[in-house]
Every structure is written in structure tokens, then in C-alpha cells.
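Here's the structure we're looking at; comments come further down.
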Amino acid sequence: MINIVLFGKPGAGKGTQAEFLKEKYNLTHLSTGDIFRFNLKNDTELGKKARVFMDNGELVPCEVTTAMLIDEVKKHPDTAGFLFDGYPRTINQAEALDKFLPTIGSSVTATIALEADDEILVARLLERGKTSGRADDQDEEKIRVRYQEYNEKTAPLIGYYKEQNKFHAVNGIGTIEEITERLTSVIDNL
Ligand SMILES: Nc1ncnc2c1ncn2[C@@H]1O[C@H](COP(=O)(O)OP(=O)(O)O)[C@@H](O)[C@H]1O
1 MINIVLFGKP GAGKGTQAEF LKEKYNLTHL STGDIFRFNL KNDTELGKKA RVFMDNGELV
61 PCEVTTAMLI DEVKKHPDTA GFLFDGYPRT INQAEALDKF LPTIGSSVTA TIALEADDEI
121 LVARLLERGK TSGRADDQDE EKIRVRYQEY NEKTAPLIGY YKEQNKFHAV NGIGTIEEIT
181 ERLTSVIDNL
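Going left to right, the sequence shown walks through residues 1 to 190 as UniProt numbering numbers them.
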């Protein structure tokens with residue numbers, strides 16, 4: 001089983017690249033953002049718990065997110081591996097994943113970060129907000145909160161995975177194809 005964590009700031013292009021990578025490596029793509037948005041749209045219990053946080057650009061509490069993620073993983077017992085997109089986003093979540101995966105005989109294979117400067121990313125998010133209908137992409141203040149959340153809670157994961165020798169970074173600026181190429185060259189060399 002190969003488990004890849006796609007890592008990057010809001011707007012870094014994780015979702016776009018995940019679409020290509022899941023096909024190429026036959027992986028199950030789990031995007032916590034997408035799963036939350038599905039639950040919001042369908043007004044499920046989970047959606048009700050997540051809504052305020054998401055609408056404000058804050059992280060949903062870890063207990064809620066981790067329980068959801070583990071449920072999703074368990075739905076795919078026969079997969080060749082997972083492409084985690086948007087999870088883990090805190091040290092607490094990374095530890096939870098490192099505890100859970102061995103219970104299914106697995107582990108994180110590698111974390112790959114898509115790197116880009118904040119100004120480029122904020123501009124991308126505002127552009128996406130014009131068409132995506134995502135409330136959290138339409139308001140600079142909410143985008144700012146998401147970057148603050150990233151810097152405080154998610155950035156420490158870089159050190160966490162570096163210590164495990166599992167951290168790889170690629171330049172996230174370029175055409176979609178160029179970036180896919182960079183990611184596949186990392187994965188093919190794992
Ligand atoms: N692992 C997570 N932990 C907590 N909250 C999360 C997580 N993943 C997604 N969310 C919630 O869903 C929102 C949107 O997620 P996502 O689409 O991945 O965002 P972005 O485009 O900012 O990277 C986040 O701002 C957060 O509220």
C-alpha cells in the first residue's frame with residue numbers, strides 16, 4: 001500500500017494535482033475539504049458540526065475531522081493506497097494518522113508539499129471564489145484566517161515529517177502538467 005499526503009497552503013493546487021495522481025497510481029483520493037463540503041451541502045450532522053468553522057476559515061476540531069477521516073479510510077479496504085488531501089492539518093491529526101494506519105497494516109509513505117508564495121495563492125483563491133461558490137474563497141478576511149491557521153497549526157507538520165525522513169517539496173508554480181511531472185518524479189523515486 002502506498003499512502004501519499006499532499007501538503008500545501010490553501011490554493012496550492014492539491015485538489016487539481018490529486019485528480020491526476022489518483023488516476024496514475026490508482027489511489028483513493030480523500031479530500032477532507034470535499035468531504036466536509038458534501039456534508040454541508042446535504043446538511044448532515046457532520047455538516048452541522050463543521051459549518052461555522054469552515055465558513056470562518058478556521059479548522060474544524062480535530063476529533064470531528066479525524067473520526068470522519070478514519071471512517072472514510074475504512075470504506076476502502078481493498079485500495080492500492082490513499083492520497084490524503086487536506087489531512088493531516090495539525091500535529092494532533094498527523095499523530096492520529098500514524099496511530100491509525102498501522103491498525104490496517106499500513107503507514108504514511110511520503111508527504112509531498114506544493115510550494116508557492118502567498119501573494120500568488122491569495123490571488124488564485126480570489127479568482128476561484130468567483131466561480132466555485134465557496135464562501136471561504138470570496139472574502140479576503142476569511143482567506144487571511146486560513147493562512148493564519150496554516151502558519152500556526154499546519155506548518156509545524158513540515159518538521160514532523162522531516163524528522164521521519166518523509167518530507168518532499170516541489171515547486172508549485174508552473175503549468176498543471178509541469179507540476180504533475182514534478183510530483184510523479186518524486187513518487188516514482190520513493
Ligand atoms: N484536516 C482538517 N482539519 C480541520 N479542518 C479541515 C481539515 N480539512 C478541511 N478542513 C476544513 O475545510 C475547509 C476547506 O478545506 P480545503 O478545501 O482543503 O481548503 P483549502 O482550499 O483552504 O486548502 C478548511 O478551511 C477547514 O475548515
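Note that CB positions come from ideal geometry on N, CA and C, so glycine has one too.
As a beta-bridge residue in DSSP terms, Ser-31 pairs with Asp-85. Secondary structure at Thr-111: strand, using DSSP grouped into helix, strand and coil. Assigned with DSSP and collapsed to three states, Ile-2 falls in coil, not helix or strand. Cβ neighbours of Ile-176 within its own chain (closer than 7 Å, five residues either side excluded): Thr-16.
Counting the other Cβ atoms within 10 Å of the Cβ of Met-54 gives 16 or more, which makes it buried. Residue environment for Ala-113: buried (at least 16 other C-beta atoms within 10 angstroms of its C-beta). Remark: the shortest separation between the CB of Val-73 and any heavy atom of ligand 1 does not fall under 6 Å.
Going by DSSP, Asn-171 is part of the beta strand (DSSP E) stretching over 167–171. Here Arg-89 has Leu-59, Lys-153, Thr-154 as same chain residues with Cβ atoms under 7 Å from its own Cβ, once five neighbours each way along the sequence are excluded. Separation of Gln-148 and His-168 (C-alpha to C-alpha, rounded to the nearest whole angstrom) is 23 Å.
Within the region 124–180, the runs of beta strand (DSSP E) at least 3 residues long that lie entirely inside it are, in chain order, 167–171. Of the residues assessed, Lys-75 falls on the exposed side of the cut-off, its CB having fewer than 16 other CB atoms within 10 angstroms. In the three-state reduction of the DSSP assignment, Gly-8 falls in the strand class, which pools E and B. The region 61–75 makes contact with the region 84–100, as at least three CB pairs between them are under 8 Å. Annotation for Asn-92: the continuous alpha helix (DSSP H) segment containing it runs 91–100. Comparing alpha carbon positions, the residue from Leu-83, Asp-43, Tyr-25, Lys-48 closest to Thr-32 is Leu-83. Each residue's CA atom was taken as its position, placing Gly-174 and Lys-22 some 20 Å apart. In its chain, beyond the 5 residues on either side, Phe-36, Asn-39, Val-64, Met-68 have a beta carbon closer than 8 Å to the beta carbon of Leu-46. Membership of Leu-21 in the alpha helix (DSSP H) is indicated by the continuous run 14–25. Contact check for Gly-129 against Asp-117 fails: the beta carbons are separated by 7 Å or more.
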